[in-house]
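Q: Okay, handing you the structure first.
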Amino acid sequence: MVLSLMLPLALAAAPARPPRGLPRPSPVPGGVALLEVGAGPAAPEVRYLGERVLVRRGPRGWVALVGIKLSAKPGTAHVEVDGRPLPFTIRAKRYPEQRITVPDPRKVTPTKEDEARIAREDALMKPVWKLWPEGATASLAFLQPTPGRLTASFGMRRIFNGELRSPHAGLDIAAPAGQAVKAPAAGEVVLTGDFFFSGNAVFIAHGEGVVSLLCHLSRIDVKQGDRVEAGQVVGRVGSTGRSTAPHLHWSLSLNDARVDPRIFLR
Ligand SMILES: [Zn+2]
């Protein structure tokens, strides 16, 4: 009985082409899987690794946009659709390696005091990535937050001063210090601060678990609780935190998974 109920869902296939207004599917670590999750009148509740997943109406029914963490293992994974498992496949993707020399060794091997600060900051940031503000509908078409060359750095395995560190969970935009940084989409400023690795940072919750981080800023021009429109200035390009030259780092997250922001660039 249970099995027969599960079968129609288990057979639901990923759409071959993206429905209009939705991004192209990229079911790889750091990408977004698009899953058909039913055609009922109300959107089903979809969860992945316990986190609520963004669901949008497509031409043939509901489509879940599942952010896949860079740390995800390729193979079969599952979302829960109204509590029932729906399998999908995460394909392998090999990101290039990047070797970076950081002059300040503490940014690579933090001291004990630094570790305490990093832990405090992690505790502040962790819940922010999961925010799902009531009533806010996330845009799925984002503006580039500042002009400049997009580096192909998302997902790179990074070796700082010869030591392997976490992969690059964002996009870097080469830009001069002081250049305006704009909100890539409307949302609420949910956290600002000066962080050990990120430097001056602005977190924007766009709605439905979609969150942006804009960081290494020289200046922050908004405060926590501010509503921002797409294109509104939130700060200035800088080189604060673990950074070797002025640039903007933009992380974009869905269901607490940092994905390649280029997936959603207009
Ligand atoms: Zn970066």
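Each residue of the sequence shown is one higher than the last, beginning at 7 in my numbering.
Here a beta-carbon is modelled for each residue, glycine too, at the ideal position from N, C-alpha and C.
Just mark ALA129 as buried or exposed, buried being the case when its beta carbon has 16 or more other beta carbons within 10 Å.
A: Residue mapping note: residue 129 aligns to position 123 of the sequence shown, counting from 1. Its Cβ having fewer than 16 others within 10 Å, ALA129 is exposed.
Q: Let's test the definition: count the other Cβ atoms within 10 Å of the Cβ of GLY231 and tell me whether it reaches 16, buried, or not, exposed.
A: As a working mapping, residue 231 is identified with position 225 in the sequence shown. Label assigned to GLY231: exposed.
Q: Is the Cβ-Cβ distance between ASN206 and GLY73 less than 8 Å?
A: Within the sequence shown, the letter at position 200 stands for residue 206. Within the sequence shown, the letter at position 67 stands for residue 73. Against a cut-off of 8 Å, the Cβ pair of GLY73 and ASN206 comes out as no contact.
Q: Measuring only from the beta carbon, is HIS212 closer than 7 Å to any heavy atom that is part of ligand 1?
A: Counting from one through the sequence shown, the residue named residue 212 turns up at place 206. No, the Cβ of HIS212 stays beyond 7 Å of every heavy atom of ligand 1.
Q: Run the CB neighbour count on LYS229, radius 10 Å, all protein chains shown included, and call it buried at 16 or more, exposed below.
A: Position 223 of the sequence shown, counted from the first residue, corresponds to residue 229. Exposed is the call here.
Q: By how many angstroms is the C-alpha of LEU170 removed from the C-alpha of GLY241?
A: Here residue 241 corresponds to residue number 235 of the sequence shown, with the count starting at 1. Here residue 170 corresponds to residue number 164 of the sequence shown, with the count starting at 1. Rounded to whole angstroms, the separation of the alpha carbons of LEU170 and GLY241 is 31 Å.
Q: How far does the beta strand (DSSP E) with ARG105 in it reach, from first residue to last?
A: The residue you call residue 105 lines up with position 99 of the sequence shown. Per DSSP, ARG105 belongs to the beta strand (DSSP E) from 103 to 106.
Q: Among MET162, SER145, ALA186, SER172, which has the Cα closest to the Cα of GLY154?
A: The sequence position of residue 154 within the sequence shown is 148, counting from 1. The shortest C-alpha separation from GLY154 is found at ALA186.
Q: Here's the rule I'm using: 16 or more other beta-carbon atoms within 10 Å means buried, otherwise exposed. How should ALA70 be labelled?
A: Here residue 70 refers to the residue found at position 64 when the sequence shown is read from its first residue. Buried, since its Cβ has 16 or more Cβ neighbours within 10 Å.
Q: At what residue ranges does the region 112 to 197 contain a whole run of the alpha helix (DSSP H), taking only runs of 4 or more?
A: With a minimum length of 4 residues, the unbroken runs of alpha helix (DSSP H) contained wholly in the region 112 to 197 fall at 118 to 134.
Q: Would you say the beta carbon of GLY154 is closer than 7 Å to some non-hydrogen atom of ligand 1?
A: Here the question's residue 154 lines up with position 148 in the sequence shown. Answer for GLY154: no, Cβ out of range of ligand 1.
Q: Could you tell me the distance, in whole angstroms, from the CA atom of SER245 to the CA atom of ALA181?
A: Position 239 of the sequence shown, counting from 1, holds the residue named residue 245. Position 175 of the sequence shown, counting from 1, holds the residue named residue 181. Distance between the alpha carbons of SER245 and ALA181 is about 10 Å.
Q: Answer yes or no: the CB of HIS84 versus the heavy atoms of ligand 1, is any distance below 7 Å?
A: Against the sequence shown, residue 84 aligns to sequence position 78. Not under cutoff, so the answer is no.
Q: Taking the alpha-carbon positions, what's the GLY247 to SER259 distance?
A: As a first step, residue 247 is located in the sequence shown; it is residue number 241 there, counting from the start. As a first step, residue 259 is located in the sequence shown; it is residue number 253 there, counting from the start. C-alpha separation (whole angstroms): 20 Å.
Q: Can you list, in chain order, the residues of its chain whose CB lies under 6 Å from that of VAL61, leaving out five sequence neighbours each side?
A: Stepping through the sequence shown from its first residue, residue 61 is reached at position 55. The beta carbon of VAL61 lies closer than 6 Å to those of ALA49, VAL52, TRP68, ALA70 in the same chain, with the five residues before and after it left out.
Q: Between which residues of its own chain and LEU271 is the CB-CB distance below 7 Å, once the five residues before and five after are set aside?
A: Within the sequence shown, the letter at position 265 stands for residue 271. For LEU271, where only same-chain residues beyond five positions count, the Cβ hits under 7 Å are PHE148, GLN150.
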